[in-house]
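Here is the structure we will look at.
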Amino acid sequence: MVRVARICTVCGRSITWRRKWARDWENIKYCSDACRKRGLSERDRRIERIIVELLEQRARDASICPSEVARGMADRGDWRDEMEAVRMAARRLQRAGVIDITQGGRPVDPDTAQGPIRLRMRPVGMQV
86 MVRVARICTV CGRSITWRRK WARDWENIKY CSDACRKRGL SERDRRIERI IVELLEQRAR
146 DASICPSEVA RGMADRGDWR DEMEAVRMAA RRLQRAGVID ITQGGRPVDP DTAQGPIRLR
206 MRPVGMQV
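Numbering (my numbering), first residue to last: 86 to 213.
In structure tokens:
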């Protein structure tokens with residue numbers, strides 16, 4: 086049996102194969118019960134649109150910090166509360182081939198990246 090890598094629909098992380106999912110592996114969409122319960126909302130799509138809009142306003146090779154998106158979204162609350170939702174949206178966009186998540190100017194795997202990240206539009210012609 087060939088196991089094709091699965092990506093969580095909500096958080097954008099890789100889903101680890103589990104033996105109990107063997108019969109239904111093709112239909113697995115979520116990495117955890119938390120992601121299944123949370124689901125994808127219109128707010129999540131709005132965050133994705135904000136990321137793309139901010140990047141389109143910059144030079145093609147420029148990047149943004151995810152905190153810029155979170156600061157723009159935080160109405161009255163602390164912008165740090167928005168950071169995980171922004172990171173999740175960035176992972177979904179990266180997996181869709183729209184943006185790159187970078188560290189030190191180089192694309193990184195969002196599953197293994199540790200520390201500060203930046204977001205930039207994927208260069209034209211780059212493969213997913």
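Even for Gly, the Cβ is constructed at its ideal location relative to N, Cα and C.
Are residue 164 and residue 156 closer than 8 angstroms when you measure CB to CB?
Annotated as proximal: residue 164 and residue 156, with beta-carbon spacing under 8 angstroms.
Determine the extent of the alpha helix (DSSP H) in which residue 104 is found, giving its start and end residues.
No alpha helix (DSSP H) holds residue 104; DSSP gives it neither H nor E.
Buried versus exposed call for residue 167 [16 or more other C-beta atoms within 10 Å across all chains shown]
Around the CB of residue 167, 16 or more other CB atoms lie within 10 Å, so the residue is classed as buried.
Endpoints, beta strand (DSSP E) assigned at residue 204:
Under the DSSP assignment, residue 204 falls in the beta strand (DSSP E) whose first and last residues are 203 to 206.
Euclidean distance between Cα positions of residue 183 and residue 195
When rounded, the distance between both Cα atoms is 14 angstroms.
Simplified DSSP assignment, three categories, for residue 191
Note: residue 191 maps to strand in three-state DSSP.
Contiguous alpha helix (DSSP H) assignments of at least 4 residues, all confined to the region 159 to 189
Within the region 159 to 189, the complete alpha helix (DSSP H) runs of at least 4 residues are 168 to 180.
So, are the CB atoms of residue 148 and residue 203 less than 8 angstroms apart?
Against a cut-off of 8 angstroms, the Cβ pair of residue 203 and residue 148 comes out as a contact.
Residue from 150, 170, 115 and 121 whose Cα sits closest to the Cα of residue 190:
Nearest C-alpha to residue 190: 150.
Hey, how far is the Cα of residue 113 from the Cα of residue 139?
Those two C-alpha atoms are separated by around 32 angstroms.
Do residue 132 and residue 159 have their C-beta atoms closer together than 8 angstroms?
No, they are not a contact pair.
Residue interval of the alpha helix (DSSP H) (run including residue 140)
From DSSP, the alpha helix (DSSP H) with residue 140 extends over 127 to 141.
Residue environment, residue 179, which counts as buried when at least 16 other CB atoms sit within 10 Å:
Within a 10 Å sphere around the beta-carbon of residue 179 sit 16 or more other beta-carbons, which makes this residue buried.
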